[in-house]
Amino acid sequence: MSAAAAAASGRRVWGMMYRHLALYRRSWPRLLELMYWPVLQMLIWGFTSQFLAQRTGNPVALAGGVLLAGVLLWEVALRGQMGVAVTFLEELWSRNLGHVFVSPIRPWEMVCAMLGMSLARTVISILPTILLAWALYAFNLFSLGPVLVLFMLNLLLMGWWVAFGVTALVLRHGMGAEALAWTLMFALTPFSAVFYPVSVLPAVLRPIALALPSAHVFEGMRAALAHGVIRWDHLAAAFALNAVWMAAAVATFAWQFRVARVRGALLSIGE
Amino acid sequence: MNDAIDVEGLRKCYGKVLAVDGVSFRVPAGATVGLLGGNGAGKTTTIAMLLGLLIPTSGRIRVLGHDMATDRFAALARMNFSSPYVALPGKLRVAENLRVYGHLYGVRGLEARIAELAAQLDLGPLLDRPAGSLSAGQKTRVALAKALINRPDLLLLDEPTASLDPDTGDLVRTWLERYRAESGATILLASHNMAEVERLCGHVLMLKAGRIVDQGAPAELLARYGRDDMEAVFLDIARDRRAA
């Protein structure tokens with residue numbers, strides 16, 4: 001790709017991001033909504049952790065921060081997924097897809113804009129929550145060390161491929177599949193072993209958990225918090241699984257995008 | 001003369017429903033051509049295929065020299081589209097909407113272009129208002145500004161004056177005539193307003209049940225059907241009355 005073509009691509013990506021950032025710039029309820037659930041989750045689990053520490057007389061339960069770290073990291077996956085899905089759904093709600101896809105924007109540029117918006121939304125959602133955990137419960141997520149970046153990256157990637165799967169379903173089934181954007185990731189929570197080890201799950205469910213990158217991330221997180229060790233095997237498994245799931249989700253999205261062009265859904269999908 | 005649009009054997013099936021049935025036509029560069037037909041005749045489907053929104057079942061489309069099956073983005077950068085049935089984001093302000101599409105089309109000197117369009121289409125007082133809060137006539141002017149943001153060589157318009165009062169409709173038609181005269185752009189217009197078609201179009205394609213059943217300059221069609229206005233010609237074709 002030439003420099004001019006790359007600049008033109010960058011401008012189209014920025015155009016789509018600007019379309020969404022302009023909405024947030026003026027709307028404090030939208031900004032508040034981004035922080036609302038993560039902060040609420042943090043408060044609930046933070047006080048639960050405090051209560052358990054006092055009740056058991058074991059401050060390690062709080063100091064170790066397993067619950068709090070779980071909440072914070074799982075929010076990265078949740079917010080990452082919703083960031084992509086909601087950015088796409090905004091186009092459907094405003095019935096704007098017809099205009100967007102008769103412009104020269106390429107589908108992959110649209111995907112880049114959705115990922116950019118997801119990243120922005122995730123940072124806005126998570127940062128205040130991390131600060132709150134530090135202020136209220138003296139829990140410093142960054143005490144996990146540099147490996148935290150790898151944990152977060154894996155969870156963000158997982159949120160993204162789940163979102164591509166959801167948007168592919170919306171392209172195929174229309175707004176009837178919209179509810180999946182809000183619920184699918186929550187359905188993966190029990191299998192992601194956010195608050196307990198995979199070994200707690202019944203044997204029949206463990207393969208499902210181990211097929212998800214998130215279960216490996218949280219196993220790694222607990223090892224880092226409890227023993228101060230980095231489980232590279234779990235991190236490698238998480239990256240490998242993310243690569244496989246991402247390839248499958250992107251291929252499904254591309255396939256459904258083409259099917260939508262065959263069915264004429266890009267014009268009628270918001271109806 | 002080069003053809004801005006060259007369509008050959010275009011067909012579109014939705015399952016067992018044949019929406020467009022072997023349509024072939026050419027639109028010379030700089031012409032204004034009307035696409036007429038009743039509801040379900042295949043106008044919107046044809047326009048959607050010309051825009052690359054819809055993949056044809058078979059047939060070939062070349063737009064501004066580019067094959068839409070293999071090279072559609074090169075064509076899309078030089079064309080634009082307006083329809084009252086495809087909305088602009090209602091929560092964005094008018095200026096923000098124009099900025100978004102200016103970026104998507106890679107418009108240079110974007111703020112100056114927005115100011116120019118605002119002056120020409122009398123959008124100045126509307127620029128800071130949310131697009132969703134505008135009246136139908138104001139929305140149409142904004143949609144037209146969006147469609148002209150990249151100074152397109154080819155403009156596809158799907159019922160551009162639908163639901164407009166006569167005054168605003170006339171303003172839009174006057175503006176389209178001016179744009180075409182100044183820029184030499186090609187316009188393909190789908191409309192149910194026969195007076196509009198007579199005024200704007202040098203050539204008309206009459207669609208029925210997915211096929212082109214007649215075509216010609218408005219004056220030719222009027223003479224052929226022995227009618228005084230295009231509305232009567234439209235009814236003759238819709239009701240299977242033969243040309244004289």
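As given, the protein sequences belong to chains A and X, one line each in that order.
Under UniProt numbering, the first residue of the first sequence is numbered 1, with each subsequent residue one higher.
Under UniProt numbering, the first residue of the second sequence is numbered 1, with each subsequent residue one higher.
Where a beta carbon is used, it is the ideal one built from N, C-alpha and C, also for glycine.
None of the values given here were measured: they were computed from a predicted structure.
Checklist entry - Do residue 273(A) and residue 42(A) have their C-beta atoms closer together than 7 Å? => result This structure gives no information on residue 273(A), because the portion of chain A shown stretches from 1 to 271.
Checklist entry - Would residue 82(X) pass as a contact of residue 164(X) if the rule is Cβ separation under 7 Å? => result Position 82 of the second sequence, counting from 1, holds the residue named residue 82(X). Position 164 of the second sequence, counting from 1, holds the residue named residue 164(X). Cβ atoms of residue 82(X) and residue 164(X): not closer than 7 Å.
Checklist entry - Nearest chain A C-beta to residue 91(X) closer than 7 Å, yes or no? => result On the second sequence, residue 91(X) is found 91 positions in, with the first residue counted as 1. True, the Cβ-Cβ gap to chain A drops below 7 Å.
Item to check | residue 220(A) beta carbon less than 7 Å from that of residue 139(A) | outcome: On the first sequence, position 139 is the one that residue 139(A) refers to. On the first sequence, position 220 is the one that residue 220(A) refers to. For residue 139(A) and residue 220(A), no; Cβs fall outside 7 Å.
Checklist entry - Roughly how many angstroms lie between the CA atoms of residue 12(A) and residue 76(A), to the nearest whole one? => result As a working note, residue 12(A) is residue 12 in the first sequence. As a working note, residue 76(A) is residue 76 in the first sequence. Cα to Cα, the separation comes out at about 27 Å.
Checklist entry - Mind checking if residue 106(X) is an interface residue toward chain A, Cβ cutoff 7 Å exclusive? => result If you number the second sequence from 1, residue 106(X) lands on position 106. Closer than 7 Å: yes.
Item to check | Endpoints, beta strand (DSSP E) assigned at residue 205(X) | outcome: For this step, residue 205(X) is matched to residue 205 along the second sequence. Residues 203 to 208.
Next on the checklist: Does residue 47(X) pass the burial test, meaning 16 or more other C-beta atoms within 10 Å, or should it be called exposed?
Outcome noted: For the purposes of this step, residue 47(X) is identified with residue 47 of the second sequence, where counting begins at 1. Classification of residue 47(X): buried, given that the 10 Å Cβ count is 16 or more.
Checklist entry - Hey, is the region 165 to 172 of chain X in contact with the region 47 to 59 of chain X, meaning 3+ C-beta pairs nearer than 8 Å? => result no
Checklist entry - Pairing CB atoms from the region 93 to 113 of chain X with CB atoms from the region 15 to 22 of chain X, are three or more of them under 8 Å? => result no
Next on the checklist: Just checking: is the beta-carbon of residue 227(X) within a distance shorter than 7 Å of some beta-carbon in chain A?
Outcome noted: Locating residue 227(X) in the second sequence gives position 227, counting from the first residue. It does not: the Cβ of residue 227(X) has no partner Cβ on chain A nearer than 7 Å.
Checklist entry - Using the beta-carbon of each residue, which ones in chain A are nearer than 7 Å to residue 99(X)? => result On the second sequence, position 99 is the one that residue 99(X) refers to. 18, listed in chain order.
Item to check | Through-space distance from residue 100(X) to residue 93(X), alpha-carbon basis | outcome: Sequence index remark: in the second sequence, residue 93(X) carries index 93 (1-based). Sequence index remark: in the second sequence, residue 100(X) carries index 100 (1-based). Between residue 93(X) and residue 100(X), the C-alpha separation is close to 11 Å.
Checklist entry - Hey, out of 223(A), 87(A), 268(A), whose CA is closest to residue 173(A)'s CA? => result Taking the first residue of the first sequence as 1, we reach residue 173(A) at position 173. Nearest option by C-alpha distance: 268(A).
Next on the checklist: 7 Å is my cut-off, CB to CB: does residue 266(A) come that close to chain X?
Outcome noted: Taking the first sequence and counting its residues from 1, the one referred to as residue 266(A) is at position 266. Yes, residue 266(A) lies at the interface with chain X (some Cβ there is under 7 Å from its Cβ).
Item to check | Contact with chain A by residue 234(X), beta-carbon distance below 7 Å | outcome: Here residue 234(X) is taken as the residue at index 234 of the second sequence, counted from 1. It does not: the Cβ of residue 234(X) has no partner Cβ on chain A nearer than 7 Å.
Checklist entry - What is the residue span of the alpha helix (DSSP H) that residue 312(A) lies within? => result Outside the displayed span of chain A (1 to 271) sits residue 312(A), for which this structure offers no information.
Item to check | Nearest-angstrom Cβ-Cβ length linking residue 206(X) and residue 36(X), presumed shorter than 8 Å | outcome: Mapped onto the second sequence, residue 206(X) falls at position 206. Mapped onto the second sequence, residue 36(X) falls at position 36. Indeed, because the Cβ distance is near 5 Å, the residues count as touching under 8 Å.
Checklist entry - Which residue or residues does DSSP assign as beta-bridge partners of residue 17(X)? => result As a first step, residue 17(X) is located in the second sequence; it is residue number 17 there, counting from the start. BP columns for residue 17(X) point to 14(X).
Checklist entry - Whose CA, out of 238(A), 222(A), 28(A), lies closest to the CA of residue 331(A)? => result With chain A represented from 1 up to 271, any question about residue 331(A) goes unanswered, as that position is not in the structure.
Item to check | residue 84(X) versus residue 190(X) - alpha carbon distance | outcome: Counting from 1 along the second sequence, the entry for residue 84(X) is found at position 84. Counting from 1 along the second sequence, the entry for residue 190(X) is found at position 190. One C-alpha to the other measures close to 12 Å.
Checklist entry - What does residue 81(X) touch in chain A if you count any residue whose Cβ is under 7 Å from its own? => result Position 81 of the second sequence, counting from 1, holds the residue named residue 81(X). Result: 102.
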